Amino acid sequence: MALLDFSNVWVEYGDKVVLEQVDLSIEAGSFVSIVGPSGAGKSTFLRLALGQERPTQGSIWLDGEPLTPEPGPDRGVVFQRYSVFPHMSARDNVVFGLDCAGSPLLGRLTGARRRAAVAEAEAMLEAVGLGDAVNVFPAQLSGGMQQRLAIAQALIKKPRILLLDEPFGALDPGSRLDMHELITKLWREHGLTIMMVTHDIKEAFKLGTRVLAFDKRRRDPQAPHRYGSTAVYDFPLDKKDTVIPEALTRMTAPSEG
Amino acid sequence: MRRLLNIRPRGGGRILLGLVPLLAVALFYLGASEARHAQNAHDKLLPTASAMVEAVKMMATVDPLTGEAPLLVDTAASLKRIGTALVIATSITLILGLVIGLLPMMKAGMGPLVAAIAVIPPIAILPILFIVFGLGEVSKIALIVIGITPVMVRDLAAHVGAIPEEQLIKAQTLGASTWQTALRVALPQAMPRLLMAVSLALGPAWVFLISAEAIAADVGLGYRIFLVRRYLSMDIIIPYVIWISLLAVLMDVALTLISRRAFPWAHPKGGH
Chain A
3 MALLDFSNVW VEYGDKVVLE QVDLSIEAGS FVSIVGPSGA GKSTFLRLAL
53 GQERPTQGSI WLDGEPLTPE PGPDRGVVFQ RYSVFPHMSA RDNVVFGLDC
103 AGSPLLGRLT GARRRAAVAE AEAMLEAVGL GDAVNVFPAQ LSGGMQQRLA
153 IAQALIKKPR ILLLDEPFGA LDPGSRLDMH ELITKLWREH GLTIMMVTHD
203 IKEAFKLGTR VLAFDKRRRD PQAPHRYGST AVYDFPLDKK DTVIPEALTR
253 MTAPSEG
Chain B
3 MRRLLNIRPR GGGRILLGLV PLLAVALFYL GASEARHAQN AHDKLLPTAS
53 AMVEAVKMMA TVDPLTGEAP LLVDTAASLK RIGTALVIAT SITLILGLVI
103 GLLPMMKAGM GPLVAAIAVI PPIAILPILF IVFGLGEVSK IALIVIGITP
153 VMVRDLAAHV GAIPEEQLIK AQTLGASTWQ TALRVALPQA MPRLLMAVSL
203 ALGPAWVFLI SAEAIAADVG LGYRIFLVRR YLSMDIIIPY VIWISLLAVL
253 MDVALTLISR RAFPWAHPKG GH
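Chains as they are written, first to last, in our numbering: chain A, 3 to 259; chain B, 3 to 274.
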């Protein structure tokens, strides 16, 4: 049984079909990269997994149970921007996840439990390379460091699956490479399952153990909105070879710097 | 030659530039007052500075008849009214603003009501308040509250509604309930904006206070200036107006300081 199952999933807005006939299984421990041209429903697909959106038809299963149709602590997320809370220090940003679980009424742990949570959060911040920035507010962190913080924040909840929506899209090339190293390291050490949407096809092949390409399978010139996208290519990358199939380079937009 | 728009005053120069117009207005007044008194030593319209100082001293000393100093009791009464009203308005704003901004159901339910109340000119319902609450303190406080709350609620709700959806989703993936999201994510981010809304509402709040006091009161800053108007006592009215402005400025400065001290993350260095 796969970790996450999409069975004949369709997403429609009015008469516009965004996704059609998506049948996919995501194995535990895999790192799935999702690529495709703009408007091909990559982010919609991720939002389905997140529970931010519901399928119009079909069903989604997490660990053999129907997926809760709203975001929950079993699925962590990092967006391209605005993933961290600007009014909390780096430490509090990470402790927040533990606060929520341990203190339903106040949303804030106290005493010994607070100290344990802080220690756990600081260890996590150390692991993502923010050990020196625990007291800093996000506005004082660089873009790359904010994304590190967002990852630490998500990992503290030990999610079954980590969803990344163009997490490195706004970073400069140098910090992007650092982040590639970090996410690969975390993925191995924590045995994570990751789904990552990206515009950068090289990034998709470099990081992923499997690459999904979303696009429309059929086009109707008179009514282009009536056909939705689906996973048109599905490459399992057994060996970490990075030979990018030519069909894919032609299909997707050139990677953005 | 540098462009005008690139010349920025700094440090002392900035303060000096700010003082020039203030001093110019004061000097212009003193000159005009001098000129009128040269023609008529008993002129009441533009009292001299010394006459105003005398009048303030008189208002600030205890009147043997009443056993009270008018300036002090007026200030106390007005501050109590505006303070009570601000506390009530701020509390209502905080709760309604958060709830409307955060919960789509409440936005659909309460939004139109708040919008409708916001367009009613508050002074127009002052007679209703007088009829319902009588001529006492309640109707004055109610006028201020009704006058400033709807605008504050709409402002705060819009601000809370503009919190990026990513943050709200992120909070949910960290296991936060609606209550925890409101308490730990929305509330702290609403607070600096709430203080700003209060400081913007100070102006209208004073307008409504003075109006209510002018119409029905037996003590208060607004009551006093409308009372002595009958005697053309500009030597009392002008210092009272300056005093009211000073109080308003002090309240505004206090709010800004509180916001900077309590919410440093909302005031990045170099910003405002």
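Every residue, glycine too, gets a C-beta built ideally from N, C-alpha and C.
The model shown is predicted, which means the values in this text are computed figures rather than measured ones.
Partners in chain A for residue i, counting only beta-carbon separations shorter than 9 Å
i	result
residue 261 of chain B	Within chain A, no residue comes near residue 261 of chain B; the closest Cβ sits about 13 Å away, beyond 9 Å.
residue 66 of chain B	The premise fails here: residue 66 of chain B is roughly 56 Å from chain A at the closest Cβ pair, so nothing lies under 9 Å.
Three-state class that DSSP yields for residue i in the structure shown
i	result
residue 211 of chain A	coil
residue 144 of chain A	coil
residue 99 of chain A	helix
residue 87 of chain A	coil
residue 67 of chain A	strand
residue 198 of chain A	strand
residue 136 of chain A	coil
residue 8 of chain B	helix
residue 41 of chain B	helix
residue 94 of chain A	helix
residue 193 of chain A	coil
residue 258 of chain A	Annotation note: pLDDT 40 at residue 258 of chain A (below 50); position unreliable, no value reported.
residue 155 of chain B	helix
residue 254 of chain B	helix
residue 7 of chain A	strand
residue 268 of chain B	helix
residue 65 of chain B	strand
residue 233 of chain A	strand
CB contact below 9 Å: residue i versus chain A
i	result
residue 177 of chain B	yes
residue 172 of chain B	yes
residue 106 of chain B	no
residue 321 of chain B	Only positions 3 to 274 of chain B appear in the structure, and residue 321 of chain B is not among them; the question remains open.
residue 129 of chain B	no
residue 49 of chain B	no
residue 258 of chain B	no
residue 241 of chain B	no
residue 152 of chain B	no
Minimum Cβ-Cβ distance from residue i to chain B less than 9 Å
i	result
residue 17 of chain A	no
residue 5 of chain A	no
residue 65 of chain A	no
residue 48 of chain A	no
residue 142 of chain A	yes
residue 13 of chain A	no
residue 77 of chain A	yes
residue 68 of chain A	no
residue 60 of chain A	no
residue 71 of chain A	no
residue 103 of chain A	yes
residue 258 of chain A	Bear in mind that a pLDDT of 40 at residue 258 of chain A, under 50, signals an unreliable position, so the model cannot answer this.
residue 136 of chain A	no
residue 74 of chain A	yes
residue 106 of chain A	yes
residue 121 of chain A	no
residue 207 of chain A	no
residue 233 of chain A	no
residue 152 of chain A	yes
Under 9 Å by beta carbon: chain B residues contacting residue i
i	result
residue 159 of chain A	175, 176 and 177
residue 83 of chain A	166 and 168
residue 156 of chain A	172, 175 and 176
Contact set between residue i and chain A, taken where Cβ atoms lie within less than 7 Å
i	result
residue 267 of chain B	88, 89, 139 and 141
residue 2 of chain B	The question about residue 2 of chain B has no answer here: the residues shown for chain B are numbered 3 through 274.
residue 270 of chain B	141
Contact set between residue i and chain B, taken where Cβ atoms lie within less than 7 Å
i	result
residue 115 of chain A	The contacting residues do not exist; residue 115 of chain A stays about 15 Å from chain B at best.
residue 98 of chain A	176 and 186
Residue i Cβ short of 8 Å to the ligand MG heavy atom set
i	result
residue 202 of chain A	Only the bare structure without any ligand can be found here, which leaves the ligand MG out of the picture.
Closer than 8 Å at the beta carbon, the chain B residues around residue i
i	result
residue 109 of chain A	178, 181, 182, 185 and 186
> Counting Cβ pairs, one atom from each stretch, are 3 or more of them under 8 Å apart for the stretch 160–176 of chain A and the stretch 189–204 of chain B?
Replying inline: no
>> Between the stretch 160–167 of chain B and the stretch 98–109 of chain B, can you find at least three pairs of beta-carbon atoms closer than 8 Å?
In response: Because the criterion of three Cβ pairs below 8 Å is met, the stretch 98–109 of chain B and the stretch 160–167 of chain B touch.
> When Cβ atoms are compared, which residues of the stretch 121–145 of chain B fall closer than 7 Å to chain A?
Replying inline: none
> Are three or more beta carbon pairs between the stretch 150–162 of chain A and the stretch 122–136 of chain A nearer than 8 Å?
Replying inline: yes
> When the Cβ atoms of the stretch 221–240 of chain B are set against those of the stretch 63–81 of chain B, are three or more pairs found closer than 8 Å?
Replying inline: yes
> For the stretch 25–57 of chain A, which residues have a beta carbon sitting closer than 8 Å to at least one beta carbon of chain B?
Replying inline: Cβ contacts with chain B: 52 and 54.
> Are the stretch 15–23 of chain A and the stretch 132–142 of chain B touching, with three or more C-beta to C-beta distances below 8 Å?
Replying inline: Touching, no.
> Is there contact here, the stretch 59–66 of chain B with the stretch 204–217 of chain B, by at least three beta-carbon pairs under 8 Å?
Replying inline: no
> Is the number of C-beta pairs between the stretch 96–104 of chain A and the stretch 168–177 of chain B that are closer than 8 Å three or more?
Replying inline: yes
> Are three or more beta carbon pairs between the stretch 21–38 of chain A and the stretch 202–218 of chain A nearer than 8 Å?
Replying inline: Yes: the two stretches touch, three or more of their Cβ pairs being nearer than 8 Å.
> Should the stretch 108–120 of chain B be regarded as contacting the stretch 75–85 of chain B, the criterion being three or more beta carbon pairs within less than 8 Å?
Replying inline: At 8 Å Cβ cutoff, the stretches do not touch.
>> Under 8 Å, CB to CB, which of the residues in the stretch 170–181 of chain A have a partner in chain B?
In response: none
>> Any C-beta of chain A within less than 8 Å: which residues of the stretch 187–207 of chain B qualify?
In response: From the stretch 187–207 of chain B, only 187, 190 and 191 have a Cβ closer than 8 Å to chain A.
> Touching or not, the stretch 69–79 of chain A and the stretch 43–56 of chain A, by the rule of three or more beta carbon pairs under 8 Å?
Replying inline: yes
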